[in-house]
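*Asks:* This is the structure I have questions about; it appears just below.
Number of protein chains: 2
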Amino acid sequence: MSRLGKRAAKSVRPVRDAAATQQQILDAAEQEFAHHGLKGARMSAIAQVAQVTSATLHYYFENKENLYKAVLQRPVDEVQEILAQHDFDALSPEEALKQIIRIAISNEAANPQRQMLWFQESSQNQGAYFKECNVLTLHEYLLKVLERGMKDGSFRPLKPFLTLTYILSICLFYFTVHENWRHLTPEIDRLSPEMIEEHTKEAIAFIWAAIQQRD
Amino acid sequence: MSRLGKRAAKSVRPVRDAAATQQQILDAAEQEFAHHGLKGARMSAIAQVAQVTSATLHYYFENKENLYKAVLQRPVDEVQEILAQHDFDALSPEEALKQIIRIAISNEAANPQRQMLWFQESSQNQGAYFKECNVLTLHEYLLKVLERGMKDGSFRPLKPFLTLTYILSICLFYFTVHENWRHLTPEIDRLSPEMIEEHTKEAIAFIWAAIQQRD
DNA sequence: GTCTATAATACGATAGAC
DNA sequence: GTCTATCGTATTATAGAC
């Protein structure tokens, strides 16, 4: 095989493309850190999945901890960008709430392992880097909608912060436990588009029934 | 100090008490595995907290993996024992549901790190040991209550398995994120008895509003 | 039943060639 | 920008004394 042929075969990740390599490392690291946390993650495992050597990891991110922080930061930036594209104030509290639920679920569905990043961070790091990441955006949008809905009478009186917790737990817990619960109902693929759609519909119905004001 | 004095000082764990040592190891291991998962946990850290040497760990549990399995099994057995003391069929679906919520929350409150054990198991082990542990008990009781409530018309028509997921997520997610969310509201101690009581009341109200049948 | 000492390996990180 | 080779240490596990 000629050198040209070899290069063509590698075209999925061109040699010496810094940006591409960095993305590939972040993708691999996100998986590994989500699965095993900071301590449990293995640099060698990340290197293998990213198809680079561990020396390359250190070249881009210096050490394990910096790589971990970079991995945590990425989803925060992505969510912020998505939320910035919406104007929830222009919607009724009911519609805004349903929009946020759809965003939260579809975002997790696209990255079903991402929530574990934050659980790992919470339990093994006591959330030390959580604050640094300025992760509050989704919480703030949701809080504002809840308060608006209570004010205009479309939601019943609620403890805002507990209700916020419950809404997010309904959306996200589903993805956190799916590997365990797969063993309860092996015939169901909880990550299939159909099941995600059912989850979305049912979650909206559940939450709306829980918080709406009735006569 | 005399040998007698030394022995008295150690009286919290008498020397050469196999049962006590084993419990102490399991307690320490539960903490460590919940915080760091199977790979991330350090045998030396467990040994230090349990106040034994790592050789003692191997004496009782042979290796890391066996210790991990023993740690997973213990909470399952405890929950099964608690549930066996109740006769949910004797209660109305509404009352039975509220009882189960109270049990789930108070159980997590007593061991706020325990849920992370299962999340770790789900994400890093794909729930490989989850099935072995026969952990289904709580799920089964709850499913039965949901189906009974739908049948007698006290609950609205629900997807049983999704609703089960939502109810447990509301009860448990609260504990999983408390270390992270502590940074959002540093003045609140989410594990204080008062906050747990508020969580319990609010969770029951939320869930009941979500699933009750109305005219 | 518990310890000390140590073997054997796994892991993070760096140096230097290309 | 990426690799190979390697250093130093951390970690699991075992052997053998008490």
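Protein chains in written order, with this note's numbering: chain A, 4 to 218; chain B, 4 to 218.
Cβ atoms here follow ideal geometry from the backbone N, Cα and C, with glycine treated the same way.
Just so you know, these numbers come straight off a predicted model, no measurement behind them.
Are there 16 or more other CB atoms within 10 angstroms of the CB of A:A213, so buried, or fewer, so exposed?
*Replies:* A:A213 comes out buried.
*Asks:* Among B:Q26, B:L41, B:N110, B:Q76, which one has its Cα closest to the Cα of B:V55?
*Replies:* B:Q26
*Asks:* Using DSSP with H/G/I as helix, E/B as strand and the rest coil, what is B:F209?
*Replies:* helix
*Asks:* Taking the alpha-carbon positions, what's the A:G8 to A:G43 distance?
*Replies:* Interpretation of A:G8 is limited by its pLDDT of 35, a score under 50 that renders its predicted location unreliable; no figure is taken from the coordinates.
*Asks:* Less than 8 Å between the beta carbons of B:Y132 and B:L75, yes or no?
*Replies:* Closer than 8 Å, so yes.
*Asks:* Three-state secondary structure (DSSP) at A:E129?
*Replies:* Just to set this straight, residue 129 of chain A is Gln in the shown sequence, not Glu. Reduced to three states, the DSSP call for A:Q129 is coil.
*Asks:* State the Cα-Cα distance for the pair B:A22 and B:R45, rounded to the nearest angstrom.
*Replies:* Each residue's Cα considered, the two are about 22 Å apart.
*Asks:* Just to confirm before moving on: does the CB-CB distance between B:Q88 and B:A37 stay below 8 Å?
*Replies:* no
*Asks:* Would you mind reading off the limits of the alpha helix (DSSP H) that contains B:R105?
*Replies:* Looking at the DSSP string, the run of the alpha helix (DSSP H) that includes B:R105 is 96–113.
*Asks:* Would you say B:S126 lies against chain A (beta-carbon separation less than 8 Å)?
*Replies:* So yes, B:S126 belongs to the interface.
*Asks:* Can you check whether the C-beta of B:T209 is within less than 8 Å of a C-beta belonging to chain A?
*Replies:* According to the sequence as given, residue 209 of chain B is Phe; it is not Thr. Cβ-Cβ to chain A under 8 Å: yes for B:F209.
*Asks:* Can you find a C-beta in chain B that's less than 8 Å from the C-beta of A:Q34?
*Replies:* no
*Asks:* Identify, in the order they occur along the chain, each residue of the same chain with its Cβ nearer than 8 Å to the Cβ of A:F91, setting aside the five sequence neighbours on each side.
*Replies:* A99, Q102, I103, Y144, K147, V148
*Asks:* Apart from the five residues just before and just after A:R217, which ones in its own chain have a Cβ nearer than 6 Å to its Cβ?
*Replies:* Cβ within range, chain order: n/a, list empty.
*Asks:* Could you tell me the distance, in whole angstroms, from the CA atom of B:F158 to the CA atom of A:L41?
*Replies:* 43 Å
*Asks:* Just checking, does the region 192–201 of chain B make contact with the region 200–211 of chain A on the three C-beta pairs under 8 Å criterion?
*Replies:* no
*Asks:* Would you list the one or two residues that DSSP bridges to B:F158?
*Replies:* B:Q215
*Asks:* For my contact list, A:T179 and A:Q129 are in at a C-beta cut-off of 8 Å; report their separation, rounded to the angstrom.
*Replies:* Not a contact, Cβ separation roughly 19 Å.
*Asks:* Could you tell me which of A:T24, A:H61, A:A93, A:W121 sits nearest to B:W184, measuring between CA atoms?
*Replies:* A:W121
*Asks:* Check the Cβ of B:A177 against every Cβ in chain A and list those closer than 9 Å, keeping chain order.
*Replies:* In the sequence as displayed, the identity of residue 177 of chain B is Tyr instead of Ala. Within chain A, the residues near B:Y177 are L165, T168, Y169, S172.
*Asks:* Does the distance from the C-beta atom of A:L60 to that of A:A48 stay below 8 Å?
*Replies:* no
*Asks:* Where does A:K72 fall in DSSP's three states?
*Replies:* helix
*Asks:* Within 10 angstroms of its Cβ, does A:I199 collect 16 or more other Cβ (buried), or is it exposed?
*Replies:* buried
*Asks:* Compute the Euclidean distance between the alpha carbons of A:S95 and A:E150, then round it to the nearest angstrom.
*Replies:* 12 Å
*Asks:* Could you round the C-beta distance between B:F64 and B:A53 to whole angstroms and report it? I think they count as a contact, below 8 Å.
*Replies:* 11 Å between Cβ atoms; not a contact.
*Asks:* Looking only at its chain, what residues have a beta carbon closer than 6 Å to the beta carbon of B:Y177, apart from the 5 residues adjacent to it on each side?
*Replies:* Closer than 6 Å at Cβ, skipping near neighbours: H202.
*Asks:* Quick one: which chain A residues come within Cβ less than 9 Å of B:M153?
*Replies:* Simply none; closest approach about 14 Å.
*Asks:* Would you kindly work out how many angstroms separate the C-alpha atoms of B:L70 and B:D30, rounded to a whole number?
*Replies:* 11 Å
*Asks:* Which residue from B:L141, B:N110, B:C174 puts its Cα closest to that of A:T166?
*Replies:* B:C174
*Asks:* Provide the residue span of the alpha helix (DSSP H) that contains B:E65, from first to last.
*Replies:* Where B:E65 is concerned, there is no enclosing alpha helix (DSSP H), given that its DSSP letter is neither H nor E.
*Asks:* Measuring CB to CB, does B:H186 end up less than 8 Å from A:K134?
*Replies:* Yes, Cβ-Cβ distance for B:H186 and A:K134 is below 8 Å.
*Asks:* Is the Cβ of A:F158 closer than 8 Å to any Cβ of chain B?
*Replies:* no
*Asks:* What separation, rounded to the nearest whole angstrom, lies between the Cα atoms of A:S172 and B:E33?
*Replies:* 24 Å
*Asks:* Please name the residue, chosen from A:A113, A:Y62, A:Q127, A:T24, that lies closest to A:E81 on a Cα-to-Cα basis.
*Replies:* The alpha carbon of A:E81 has as its nearest neighbour, out of A:A113, A:Y62, A:Q127, A:T24, the alpha carbon of A:A113.
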